[in-house]
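Undergrad: These protein sequence lines map, in sequence, to chains A and B.
Per the numbering used here, the first sequence starts with residue 1, numbered consecutively.
Per the numbering used here, the second sequence starts with residue 10001, numbered consecutively.
Here a beta-carbon is modelled for each residue, glycine too, at the ideal position from N, C-alpha and C.
Just so you know, these numbers come straight off a predicted model, no measurement behind them.
One structure, as C-alpha cells, below. Some questions next.
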Amino acid sequence: MSENLRVKSSQYIDETTRVSFKFNGTTYYGFKGDTLSSALLANNVHLVGRSFKYHRPRGIMTSGSEEPNAIVQINPNTNRTEPNVRATEVEIYEGMEASSQNCWPSVNFDIGGINNFLSPFFPAGFYYKTFMWPASFWEKYEYFIRHSAGLGKSPTLKDPDIYDHKNIHCDVLVVGAGISGILAAKNAAKNNYKTLLLDEKNELGGSTIYENNESNKVDNKISSEWLKKEIEELKNIKNLEIKTRTSVAAYHQYNYLLARENLTDHLEKKYKTNKIRQRLLKIRAKKVILATGALERPMVFNNNDRPGIMLSSAIKKYSDFYGVACGRKIVFFTNNDSAYESALSLNDKGIKVEAVVDIRKQSETNLEKRVIDAGVKIYWEHTVVDTSGYKRLNNVSIMKLSNDGTSVTGNKISISCDCLGVAGGWTPAVHLYTQSGSKLTFDEDKKIFIPNKNNSDQISVGSCCGDFKLDEIFKNLNEKLKDFLDITETDFEKITVNNDQEISKRNIWLLPSDKVLGKTKPFVDYQNDATAKDIKLALREGFRSIEHVKRYTTTGMGTDQGKLGNMHALGIIADTAGVKMGELGTTTFRPPYTPLTFGTIVGRNVGKFFDIFRRTPMNDWHVEQKAEFENVGQWKRAWYYPINGETMHQAVQRESKAARGSSGILDASTLGKIDIQGSDASEFLNRVYTNAWSKLGIGKCRYGLMLNEDGMVYDDGVTTRLGENHYLMTTTTGGAANVLGKLEDYLQTEWPELDVYLTSVTDQFATASLCGPNSKKILKKIIPDLDLSDENFPHMSFKEAKIGSIVCRIMRISFTGEQSFEINVQASYGKDLWDKCIEAGKEFNITPYGTETMHLLRAEKGFIIVGQDTDGTMTPIDLQMDWIVSKKKYDFIGKRSLYRSDTMREDRKQLVGLLTEDPEVVLEEGAQIVSELDKKPVEMLGHVTSSYFSPNLNKSIALAVVRGGKDMMGKKLFIPMEDKTINVTVSNPVFFDQTNERLNA
Amino acid sequence: MFVINCPYCGERDQQEFKAGGEAHIERPKQPTELSDDEWAEYLFMRKNIKGVQYERWNHAHGCRKWFNMVRDTSNDEIKAIYKMGEKPPSI
C-alpha cells in the first residue's frame, strides 16, 4: 500500500526498532527516532493538510519548528489529544495516531477546496469588507464563519498528565545546540561558569551534525565528524547541564527566560502514566548566549505551495539525518549556493536530481562544478513560473529571467519532477533576541535583520547573528566568547577551518511569471493563504505600516507566526512602496516562539491548587456541620449552615431569628488584625482614622473609618486600646493586607519620625463572636469569675481573661446590634474555644451563623460593608456618617479632600434605606433606581447595594446609594426590572432598634 | 520580570515587590491651607515619563520596606536604588 523511500541507513535512526503509527486512519511504519514527517515522507506521503482559507492541499515543507503546513491533531478523540502540532517536531512512538486538520470529510477530498476556485472572491480583508452590512446580520455571519474557521480541535476531556514548573538559576544560558552553541557552552563551562545548554531537538549538533560536505572541514575532518567528538566531550564537563527537547518560548528582560521541556511526548502511552509530561523552566541567567541558528526561506513564485515543494535544507536533512528521499525526481530552485549542497548530498545517496534552477547569472564555487560534474543540469538566470499537480507536484515550468528580474522571456521549459527544493536564502532566528528588548539592524548587503543593540547581558553567535559560513562562525565566536566570558583563549581558536568561499546570491522577493500577477498564486504565508497579491492590494488600499499590512492580510498570523514568509512580505512591501527594507522595520516578535500547552503554563496550579486559600482553626467544625462556604479574599468562610435540606434563604432566615431571639455564634477569625505599638501609636491612629483617638481609655474599643487621600472610604473596623502605647486594630477580612501596606507606606515614607511598629496578627488569633440576648449567660458559663455586669464590662470595652489556662481577649462590640462578645484566643486553641461555646450554649439553643446572616443582621442595623455599600466613590458624608468625622483634628488622611468642590456637592450619591411598597418583594442588588419612568432618556439615580428579607422585621429591606438621597426621606422611587417596576420609598438606613436598646438588653 | 536589588535584602525577583508610583511627591504638611488646585496637584497629577523616572517600590513580600528606584521606563533599566530619605542620585 505504501512505498518505501528509505534510501540509506542513518546513524540517527534506530532501524532495529520498527514503530507503527496511524495517520488519517492508515497504519504506517517508521523507525524509532523518526519524526512524524520523516516517517510519512519515508512512506511517500506528502499531502498532510489543507490550507486555512482556500483549503489547498499542502505538504510537508520544512524539518523543524517553522513548519507552516504539516500541522496535525495528535491522538484525536482521546484525553491526550493535542491540536496544531507540527509533524516536523513530533517524534513517533508505537501506537501514535495523528490526523490532518482543517479538512472535511478528508484531506484527500475536502469540500472547503471549493474556496480555492472561488479565491478571486476572497481577497485580503474579505471578511472585513463583506460582513459589514447590514450590521445587525453579524451574528448570523459569525455562526458560519466560526464553523468554517479554526485549525485543530481543542481537547474536551480532562488532561490525564502532570505538568510542572522549575526555577533555574545559572551563570550562562546557551540557547541552541548547533555548532556555535556547543562550542560556547563548552567554553563557558570549562571556565567555571555554571552553564545550561538547551535545544528544541532531541539531538545535539544542529545542522552540522549531518553535514557531510567534503569542502567543509574542521581540523581537517569533515565538520560532522569533528562535532561528534566535541559532543562526546561535553559529557565529561562538570558545570554543564544539557536539556534537549526543550524549546525556549520567551526571553524577557533581565535575562528571564521561559522554556518548555518535553519529557514524555515521544514515549509510548504505557510510559507516559504518572510522569511529568512537560515542564516549564523559569530560567534566570546571569549571561545569555543565543545560538538559535537561521531559518531557510522559501521563494515567492506562482503556485509555490504544492505538496512536494519543500525547503532545500529540509530535503537535505531528511536524506542525511533520517535517510529518507523526499522524491524520486528532484529539482532545486535557488538564489544561492546552499541548494547545491543539498543536490550533491542527494546525488551521493543515489537520489536523482533532475536539475538546478538558479536565478543568478552564475556562481563560481567548487560546489557548482561538482554538481555539473555529477551530471545535473543547471539553468542559470531562470525562474520557476508555474507548477502543476493538485495533490502532489508533477511538473515545474521555468523561463529565463530578464536582466532586471521583473519579467520573464523566451520559451517555457517544462521539467517533470515529484519534489522541488527551494532555497531562498537564510533568515537569522532573531525572535528571542528581540523579545528581550534588544534592537535589530537591517544589513542591506545580506538583506537580513541582525542583532545590533543588546538590552541585557547577552550575545548572539553563529548564524542567528548573520554568520553563515563555518570559518566566519569560528572566528567571530572566538572573539565574542573571549570578550563575553572574560577569558584569554578558547579551546578552538587554533583550529583550522576550511570551507567553500563566498556565497553569492540574488534577492528577488516576488518572482515574475509569464502570467499577470492577478492570475497567479504566489504564496507568502502558507498557513493563512496570504499571497503577494494580497500584500500589494493592502498597499493600494493605503496600508503602509507593516503591522497594519500584517493584520489586514493575516500574513504571519498563523501558528507558525510567519517564520518563513515575513521577510518576503517586508521585501514586497519595500519594493512596491519604493522604500528601504531597513526603514520598514519588522513586526513585533511576541512570545511564545513555539506554542505552549495550557498544561505547561499552569503547571501544578490546577484543581485545589489553582489558588491559595486560607482556613480558620474552626474550619473542620464548619465542614462537619455541612456548612456552605464562600470565598472572602483568600479565606474560605462559612456562608450558612443548612439543616435538613434547607435552602439558603430558609437557613439564613432561621439563623437570623435565632441570633436575635436567643444566641448565635460566628467564626470571626478572618477579620484582619494589626498589632500597633509605640509611643506615637495614638497620634498615628489620629492621622489614619477620621475620628479622634487620643482620649480613648485603656481597655476601651472604638469604631474607626479610614479614608484614602482622595476622601473616599477605604476600610473600617474596631480598634481596641490594650495599653498606653498598645492598640489592636481590626480591618475588613478582604482589606487586611492592603490596610497594613498602606499604614506601612505612611509610616515609612511620610511620617518616619513617628515611633510606631505594626505587626499583622491575623493568623495568630482565632475569634468566636457570641451574639444575642443570651450571649452573656453563655460567656458566664465559660468564664464564671469574670464580672460581666454592664458597669464593669460595658459595650465597647475590652477584658483579658482566662478560660481554664487559656488566655483570651474579649471585646464587647457588636456588628449585629445585639449584645455581643468577641472572644480571641491563640489560634491553636480556636477549635477548643469554639467547642466550649457550643457546649455552653446548648441550653440556649446557640445557633451558628455564617457570613450571609451576618450581612443580613448588620443591614437591619444599617451598618455598611466597605466594598459592598461603598465602591471607592463614597465619602463618610455620602454615607451619612458625618458623626465619625472629627471637626477638631487639624489633619487626617483624606481630610482635605472632604472639602473639595466635588466632594461637597449636594447631589452626590448618598446612602439611604429603601422599603418596598410590597413588603414581600426583595430587591435585586445592583438594580437601578429612577424617579421618573416616562422621561427619556431615563435618568439613573443610583443603585441597590444590599438587599434582604428581614425575618426580624418581617419585611424586605435594602440599602442603596441615590443621588441627593439625603433629602429624599419618604420620597417614592421606582426600580424598573425586566418584567415589572417595583415601587420603593426612601427610608432611614437603620431599620431595626434605632435607639440601640438591645446592646445592653 | 526584573531583578530588584532591595537595599535591605539584596537581589530578589520582581514578583516580591509592588510598585508605588512616582517618588519624591511629599504629602503637604498643611493640607488645609491649600487651594483645591494645589491639593489636586498633589493628589492627582503624576508625570508618567517615558525615559528616566524616579519611583517608589515596596518589598511587599519580603522585608516590607519602601525604597526608591530610578528606572528608564523605555527599556526598564534600573539605574539606581536608594533608601527612603536618601538624596536622589542625579542621572
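Any beta carbon of chain A sitting closer than 8 Å to that of B/K10065?
TA: As a position in the second sequence, residue 10065 of chain B is number 65, starting the count at 1. So, interface residue.
Undergrad: Which chain B residues sit within Cβ distance under 7 Å of A/E744?
TA: To locate residue 744 of chain A, count along the first sequence from 1; it is residue 744. R10064, listed in chain order.
Undergrad: If we define contact as Cβ-Cβ less than 8 Å, is A/D710 a contact residue for chain B?
TA: Position 710 of the first sequence holds residue 710 of chain A. Chain B, which has a Cβ nearer than 8 Å to the Cβ of A/D710, makes this yes.
Undergrad: Compile a chain-ordered list of the residues in the stretch 10032-10052 of chain B whose CB is closer than 9 Å to at least one CB of chain A.
TA: Within the stretch 10032-10052 of chain B, the qualifying residues are T10032, L10034, D10036, W10039, A10040, Y10042, L10043, F10044.
Undergrad: Distance check for A/E683 and A/D787, CA to CA, integer angstroms please.
TA: Counted from its first residue, the first sequence places residue 787 of chain A at position 787. Counted from its first residue, the first sequence places residue 683 of chain A at position 683. Each residue's Cα considered, the two are about 32 Å apart.
Undergrad: Assuming contact is defined by CB atoms lying nearer than 8 Å, are B/L10081 and B/P10007 in contact in what I supplied?
TA: As a first step, residue 10081 of chain B is located in the second sequence; it is residue number 81 there, counting from the start. As a first step, residue 10007 of chain B is located in the second sequence; it is residue number 7 there, counting from the start. Before going on, a small fix: residue 10081 of chain B reads as Ile here, not Leu. Cβ atoms of B/I10081 and B/P10007: closer than 8 Å.
Undergrad: Shorter than 8 Å from the beta carbon of A/S901 to some beta carbon of chain B?
TA: Within the first sequence, numbered from 1, the residue matching residue 901 of chain A stands at position 901. Yes - at least one Cβ of chain B is within 8 Å of the one on A/S901.
Undergrad: So within the stretch 491-567 of chain A, which uninterrupted alpha helix (DSSP H) runs reach at least 4 residues, ignoring any that extend past its ends?
TA: Entirely contained in the stretch 491-567 of chain A, the alpha helix (DSSP H) runs reaching 4 residues are, in chain order, 532-540, 546-553.
Undergrad: Looking at the secondary structure, which residues open and close the beta strand (DSSP E) in which A/T730 lies?
TA: Stepping through the first sequence from its first residue, residue 730 of chain A is reached at position 730. From DSSP, the beta strand (DSSP E) with A/T730 extends over 726-731.
Undergrad: Can you list the beta strand (DSSP E) stretches of 3 or more residues lying completely in the stretch 57-102 of chain A, in chain order?
TA: Fully enclosed beta strand (DSSP E) runs of 3 or longer: 57-59, 71-74, 82-86, 97-100.
Undergrad: Just verifying my parser: in three-state terms, what is the DSSP assignment at A/A149?
TA: Within the first sequence, the letter at position 149 stands for residue 149 of chain A. At A/A149, the pLDDT of 49 sits below 50, so the modelled position is not reliable; the number obtained from the coordinates is stated separately. In this structure, A/A149 counts as coil in the three-state DSSP scheme.
Undergrad: Can you list, in chain order, the residues of its chain with a C-beta nearer than 6 Å to that of A/K217? Leave out the 5 residues immediately preceding and following it.
TA: In the first sequence, counting from the first residue as 1, residue 217 of chain A sits at position 217. Within the same chain, A/K217 has close Cβ partners N498.
Undergrad: Taking the C-alpha atoms as reference points, what is the distance between B/C10009 and B/G10062?
TA: The count along the second sequence starts at 1 and reaches residue 10009 of chain B at position 9. The count along the second sequence starts at 1 and reaches residue 10062 of chain B at position 62. Rounded to whole angstroms, B/C10009 to B/G10062 spans 8 Å at the Cα level.
Undergrad: Can you tell me whether A/P155 is buried or exposed, with buried defined as 16 or more other CB within 10 angstroms of its CB?
TA: As a first step, residue 155 of chain A must be located in the first sequence, where it is residue number 155. A/P155 comes out buried.
Undergrad: Establish whether the CB of A/A149 and some CB of chain B are separated by less than 8 Å.
TA: Taking the first sequence and counting its residues from 1, one reaches residue 149 of chain A at position 149. Per-residue confidence for A/A149 stands at a pLDDT of 49, beneath the threshold of 50, marking its modelled position as unreliable; the derived number appears in the next sentence. It does not: the Cβ of A/A149 has no partner Cβ on chain B nearer than 8 Å.
Undergrad: According to DSSP, is A/E261 part of a helix, a strand, or is it coil?
TA: Here residue 261 of chain A refers to the residue found at position 261 of the first sequence. Looking at A/E261 - three-state DSSP - the assignment turns out to be strand.
Undergrad: Please identify, using Cβ separations under 9 Å, the residues of the stretch 202-226 of chain A that lie next to chain B, in order along the chain.
TA: Correct list: empty, as no residue qualifies.
Undergrad: Within the same chain, show all residues whose beta-carbon is closer than 7 Å to that of A/S312, passing over the 5 residues directly before and after it, in chain order.
TA: For the purposes of this step, residue 312 of chain A is taken as residue 312 along the first sequence, with counting starting at 1. Closer than 7 Å at the Cβ level, and outside the excluded window around A/S312, lie E296, F332, T334, S338, A339, S342, G421, V422, A423.
Undergrad: Between the stretch 446-480 of chain A and chain B, which residues of the former have a C-beta closer than 8 Å to a C-beta of the latter?
TA: Those residues of the stretch 446-480 of chain A that come within reach of chain B (Cβ to Cβ, closer than 8 Å) are N455.
Undergrad: Entirely within the stretch 161-191 of chain A and at least 3 residues each: give me those beta strand (DSSP E) ranges in chain order.
TA: Counting only runs of 3 or more, we get 162-175.
Undergrad: Taking 8 Å as the cut-off, decide whether the C-beta atoms of A/G734 and A/G850 are in contact.
TA: To locate residue 734 of chain A, count along the first sequence from 1; it is residue 734. To locate residue 850 of chain A, count along the first sequence from 1; it is residue 850. Not in contact: A/G734 and A/G850 (Cβ atoms no closer than 8 Å).
Undergrad: By how many angstroms is the C-alpha of A/V516 removed from the C-alpha of A/D575?
TA: The residue given as residue 575 of chain A occupies position 575 in the first sequence. The residue given as residue 516 of chain A occupies position 516 in the first sequence. Each residue's Cα considered, the two are about 17 Å apart.
Undergrad: Please report the distance separating the alpha-carbon of B/I10025 from that of B/P10089.
TA: Position 25 of the second sequence, counting from 1, holds the residue named residue 10025 of chain B. Position 89 of the second sequence, counting from 1, holds the residue named residue 10089 of chain B. Approximately 16 Å, taken between the alpha carbons.
Undergrad: How would you list, in chain order, the residues of chain A whose beta-carbon sits under 7 Å from the beta-carbon of B/A10080?
TA: Here the question's residue 10080 of chain B lines up with position 80 in the second sequence. Residues of chain A passing the Cβ test: none, with the nearest at roughly 16 Å.
Undergrad: How would you call A/M96, buried or exposed, if buried means at least 16 neighbouring beta carbons within 10 angstroms?
TA: The residue you call residue 96 of chain A lines up with position 96 of the first sequence. Per the 10 Å Cβ criterion, buried.
Undergrad: Out of curiosity, what's the CA-to-CA distance linking A/N69 and A/G181?
TA: On the first sequence, residue 69 of chain A is found 69 positions in, with the first residue counted as 1. On the first sequence, residue 181 of chain A is found 181 positions in, with the first residue counted as 1. C-alpha separation (whole angstroms): 28 Å.
Undergrad: CA-CA distance, A/V174 and A/E493?
TA: As a working mapping, residue 174 of chain A is identified with position 174 in the first sequence. As a working mapping, residue 493 of chain A is identified with position 493 in the first sequence. Distance between the alpha carbons of A/V174 and A/E493: 19 Å.
Undergrad: When you compare the CB of A/S436 with every CB in chain B, is at least one pair closer than 8 Å?
TA: Walking along the first sequence from the start, residue 436 of chain A turns up at place 436. No, its Cβ sits nowhere closer than 8 Å to a Cβ of chain B.
Undergrad: Which whole-angstrom value describes the C-beta separation of A/G323 and A/K32, a residue pair presumed to lie in contact below a C-beta threshold of 8 Å?
TA: For the purposes of this step, residue 323 of chain A is taken as residue 323 along the first sequence, with counting starting at 1. For the purposes of this step, residue 32 of chain A is taken as residue 32 along the first sequence, with counting starting at 1. Not a contact, Cβ separation roughly 13 Å.
Undergrad: Mapping DSSP to helix, strand and coil, what is A/W834?
TA: For the purposes of this step, residue 834 of chain A is taken as residue 834 along the first sequence, with counting starting at 1. If DSSP states are grouped into helix, strand and coil, A/W834 belongs with the helices.
Undergrad: Counting only Cβ-Cβ distances shorter than 7 Å, please list the residues of the stretch 711-742 of chain A near chain B, keeping chain order.
TA: Cβ contacts with chain B come from G741.
Undergrad: Output needed for A/A374: all residues of its chain with C-beta closer than 6 Å, excluding positions within five of it in sequence on either side, in chain order.
TA: Counting from 1 along the first sequence, the entry for residue 374 of chain A is found at position 374. So the qualifying residues of the chain are N347.
Undergrad: Quick one: Cα of B/N10068 to Cα of A/C170, how far?
TA: Your numbering for residue 10068 of chain B matches position 68 in the second sequence. Your numbering for residue 170 of chain A matches position 170 in the first sequence. Those two C-alpha atoms are separated by around 28 Å.
Undergrad: A/A692 and A/S886: beta carbons closer than 8 Å?
TA: Numbered from its first residue, the first sequence carries residue 692 of chain A at position 692. Numbered from its first residue, the first sequence carries residue 886 of chain A at position 886. Their beta carbons are under 8 Å apart, which means A/A692 touches A/S886 by this criterion.
Undergrad: Would A/R527 be called buried (16 or more neighbouring beta carbons within 10 Å of its own) or exposed?
TA: What you label residue 527 of chain A is simply residue 527 of the first sequence in a count that begins at 1. According to the sequence as given, residue 527 of chain A is Gln; it is not Arg. That one is buried.
Undergrad: A/T749 CB to nearest chain B CB: under 8 Å?
TA: Walking along the first sequence from the start, residue 749 of chain A turns up at place 749. Chain B contact via Cβ: present.
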